[in-house]
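A.B. asks: One structure follows; several queries about it will come next.
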Amino acid sequence: MKALLYERKEARFVAAATLSRLRPGTGASVGPIKLTDIAEPHVPGDGWQRITPLLSGICGSDLATIDGRTSRYFEPLVSFPFVPGHEVVGQTDDGRRVILEPVLGPAARAVEGEHGVGQADGHDYGHLTTGSIGPGLQIGSCAATGGGWAESFVAHETQLHDVPDDFDDAAALIVEPVAAGIHGALKANVQAGDTVVVVGAGMMGLAAIAGLRHLTDVGTIVVGAKHPHQRRLAAMVGADVVVGPDEVARAVRRMQGSSVIGTRLARGADAVIDAVGNSTSLTDAIGIARPRGRVVMLGMPGPVSVDLAALWHRETELVGSYCYGGEHSHGDLHTFDLAIDLVRSLNLGQLVSATYSLGDYRDAIDHAATIGARGGVRIAFSPQH
């Protein structure tokens with residue numbers, strides 16, 4: 065079968081990391097990924113199913129991997145060579161359309177113990193490198209399962225959610241990233257009437273805004289959005305104030321009647337969600353949060369350089385937000401169920417901007433890497449075309 069295979073090749077990784085600084089997405093040409101023919105992955109055992117991907121998204125973490133910008137932290141949580149692709153709507157052999165929940169939890173690995181199905185529910189992540197399959201944080205980084213950037217992969221039944229009958233493939237595809245954004249919004253621990261800032265209005269930022277507006281008692285949502293279409297979409301999904309990234313602190317200052325101490329606000333937002341994940345965005349987020357406020361790291365960071373003196377002095381909480389699970393603030397309802405309702409009510413399938421065949425992967429990755437400037441939100445592969 066055809067697949068995009070990512071191999072462990074250090075020289076190509078370094079080339080991607082170097083050249084992608086000049087043009088994002090260059091890793092598709094010089095990095096350790098290629099279109100090739102591989103054998104279909106073996107079905108590991110009972111409870112596993114073969115999935116035919118219908119659409120497979122290209123997200124920020126995929127781009128970071130291709131461009132050599134991921135943290136070395138992930139190395140023991142990956143098995144090579146792997147097929148990327150974890151945002152997937154696919155079809156089982158018996159014809160069910162399903163949405164993939166990609167995290168390889170204890171149930172998928174046949175590991176006994178006090179764990180939830182997905183990573184977000186557990187207190188011990190030792191299962192990520194043990195059990196019946198090799199290391200892999202999730203489908204899309206595990207050699208044994210394959211991933212969505214191929215004509216076929218395997219997934220455990222606990223990772224599959226049925227697509228609602230009224231959803232087309234685009235709407236189904238967008239459920240997974242929306243779920244991740246909702247999880248980040250709920251991690252902000254919003255109290256009634258709070259002012260919350262979202263830094264970034266790409267896919268994850270838009271999902272977080274929607275989650276804040278529709279699933280919390282937030283007062284005002286302020287968003288820093290770089291591109292005109294992002295500003296329009298941010299307002300559509302629930303933002304109250306949308307400004308350019310450089311204007312966020314000024315907007316919060318006006319709203320809060322805050323003075324400025326150096327480059328930081330004396331008073332700031334109750335919570336800030338960083339949906340970008342780089343040194344600049346994290347520095348900005350800490351500077352915008354009020355003393356004893358909370359910063360949620362939603363965008364996947366690589367190595368960053370940040371002065372943490374303000375975090376220490378102002379006793380700011382910094383929390384990570386990865387994936388999804390049972391949301392305690394909503395009766396332990398799974399984030400995917402919340403996301404399905406939100407995708408339906410806001411017609412978020414429209415955020416899928418274009419699809420490409422696997423053979424056009426360089427064009428697809430270039431489009432995804434420059435998506436903001438090109439007026440889109442999410443690019444996907446259509447592996448069967």
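80 is the number that my numbering gives to position 16 of the sequence shown; each next residue is one higher, with no gaps.
Ideal Cβ placement from N, Cα and C applies to all residues, glycine included.
So what's Arg442 in DSSP terms, helix, strand or just coil?
C.D. replies: On the sequence shown, residue 442 is found 378 positions in, with the first residue counted as 1. Looking at Arg442 - three-state DSSP - the assignment turns out to be strand.
A.B. asks: In the DSSP assignment, find the unbroken alpha helix (DSSP H) run with Phe400 in it and report its ends.
C.D. replies: Residue numbering aside, residue 400 sits at position 336 when the sequence shown is read from its first letter. First-last of the alpha helix (DSSP H) with Phe400: 399-410.
A.B. asks: Suppose you measure from the CA of Ala298 to the CA of Ala103; what does that come to, to the nearest Å?
C.D. replies: Your numbering for residue 298 matches position 234 in the sequence shown. Your numbering for residue 103 matches position 39 in the sequence shown. Whole-angstrom Cα-Cα distance: 43 Å.
A.B. asks: What residue from Ser345, Ile435, Arg331 has the CA that sits closest to Ile337's CA?
C.D. replies: In the sequence shown, counting from the first residue as 1, residue 337 sits at position 273. Closest option to Ile337, Cα to Cα, is Ser345.
A.B. asks: Which same chain residues end up closer than 8 Å to Gly316 when comparing Cβ atoms and leaving out the 5 residues on each side of it in sequence?
C.D. replies: The count along the sequence shown starts at 1 and reaches residue 316 at position 252. Just to set this straight, residue 316 is Val in the shown sequence, not Gly. The answer, listed in chain order, is Thr259, Val261, Val286, Ser322, Leu329, Gly332, Ala333, Ile352.
A.B. asks: Round the Cβ separation of Gly423 and Leu83 to the nearest angstrom and send it over; I've been treating them as touching at under 8 Å.
C.D. replies: Along the sequence shown, one-based indexing puts residue 423 at 359. Along the sequence shown, one-based indexing puts residue 83 at 19. So it is not a contact: roughly 22 Å between Cβ atoms.
A.B. asks: Of the residues Ile246, Ala92, Val263, Tyr189, which one's Cα is nearest the Cα of Leu68?
C.D. replies: Within the sequence shown, numbered from 1, the residue matching residue 68 stands at position 4. Ranking Ile246, Ala92, Val263, Tyr189 by Cα distance to Leu68 puts Ala92 first.
A.B. asks: Val441 and Ser417 - do their beta-carbons sit closer together than 7 Å?
C.D. replies: By 1-based counting over the sequence shown, the position of residue 417 is 353. By 1-based counting over the sequence shown, the position of residue 441 is 377. Cβ atoms of Ser417 and Val441: closer than 7 Å.
A.B. asks: Just to check my reading of the structure: Pro166 and Ile203 have Cβ atoms closer than 8 Å, yes? What is that Cβ distance to the nearest angstrom?
C.D. replies: Reading the sequence shown from its first residue, position 102 is the one you call residue 166. Reading the sequence shown from its first residue, position 139 is the one you call residue 203. Rounded, the Cβ-Cβ distance is 4 Å, consistent with contact.
A.B. asks: So, under 8 Å CB-CB, Leu237 and Gly121 are touching, yes? Tell me the CB distance rounded to an integer number of Å.
C.D. replies: Counted from its first residue, the sequence shown places residue 237 at position 173. Counted from its first residue, the sequence shown places residue 121 at position 57. That pair is a contact at about 6 Å.
A.B. asks: In chain order, which beta strand (DSSP E) runs of at least 3 residues are fully inside the stretch 350-435?
C.D. replies: Listed in chain order, the complete beta strand (DSSP E) runs (minimum 3 residues) inside the stretch 350-435 are 353-361, 381-384, 416-420.
A.B. asks: So if DSSP puts Leu119 in a beta bridge, which residue, or which two residues, is it bridged to?
C.D. replies: In the sequence shown, residue 119 corresponds to position 55, counting from 1. Bridge partners of Leu119: Val153.
A.B. asks: At 4 residues or longer, and completely inside the stretch 268-332: list those alpha helix (DSSP H) runs for me, N to C.
C.D. replies: The qualifying runs are 292-301, 312-320.
A.B. asks: The beta strand (DSSP E) with Ile246 in it runs from where to where?
C.D. replies: Along the sequence shown, one-based indexing puts residue 246 at 182. It is not in any beta strand (DSSP E) - Ile246 instead sits in the alpha helix (DSSP H) that spans 239-251.
A.B. asks: Taking the straight line between their C-alpha atoms, what separation do you get for Ala234 and Ala272?
C.D. replies: Taking the first residue of the sequence shown as 1, we reach residue 234 at position 170. Taking the first residue of the sequence shown as 1, we reach residue 272 at position 208. Going by the C-alpha atoms only, they are around 19 Å apart.
A.B. asks: Hey, how far is the Cα of Arg114 from the Cα of Ala243?
C.D. replies: Your numbering for residue 114 matches position 50 in the sequence shown. Your numbering for residue 243 matches position 179 in the sequence shown. In a straight line, the C-alpha of Arg114 is about 24 Å away from that of Ala243.
A.B. asks: Give me the DSSP bridge partner(s) of Trp112.
C.D. replies: For the purposes of this step, residue 112 is taken as the residue at position 48 of the sequence shown. BP columns for Trp112 point to His220.
A.B. asks: Would you please state the rounded distance, in angstroms, between the beta carbons of Ala335 and Ala265? I believe it to be under 8 Å.
C.D. replies: Counting from one through the sequence shown, the residue named residue 335 turns up at place 271. Counting from one through the sequence shown, the residue named residue 265 turns up at place 201. Not quite, the Cβ-Cβ distance comes to about 17 Å (not below 8 Å), so this is no contact.
A.B. asks: Give every residue of the same chain whose Cβ lies closer than 8 Å to the Cβ of Gly182, excluding the five residues on either side of it in the sequence, and list them in chain order.
C.D. replies: Along the sequence shown, read from residue 1 onward, the residue named residue 182 stands at position 118. Low confidence applies here, because Gly182 scores a pLDDT of 47, under 50, leaving its location unreliable and the question unanswered by this model.
A.B. asks: Using a threshold of 7 Å, state whether the C-beta atoms of Gly198 and Ala214 are closer than that.
C.D. replies: Here residue 198 corresponds to residue number 134 of the sequence shown, with the count starting at 1. Here residue 214 corresponds to residue number 150 of the sequence shown, with the count starting at 1. No, the pair does not count as a contact, with Cβ atoms beyond the cut-off.
A.B. asks: With DSSP collapsed to three states, give me the class of Phe138.
C.D. replies: Residue mapping note: residue 138 aligns to position 74 of the sequence shown, counting from 1. It is helical.
A.B. asks: Using the three-state DSSP reduction, which class does Val260 fall into: helix, strand or coil?
C.D. replies: Here residue 260 refers to the residue found at position 196 of the sequence shown. If DSSP states are grouped into helix, strand and coil, Val260 belongs with the strands.
A.B. asks: For Pro355 and Glu381, which I take to be in contact (beta-carbon distance under 8 Å), what is that distance rounded to the nearest angstrom?
C.D. replies: Taking the sequence shown and counting its residues from 1, one reaches residue 355 at position 291. Taking the sequence shown and counting its residues from 1, one reaches residue 381 at position 317. Between Glu381 and Pro355 the Cβ distance is about 11 Å, and since that is not below 8 Å, they are no contact.
A.B. asks: On the DSSP bridge assignment, give the partners of Ile18 in chain order.
C.D. replies: In this structure the chain extends from 65 to 449, so residue 18 is not present and cannot be described.
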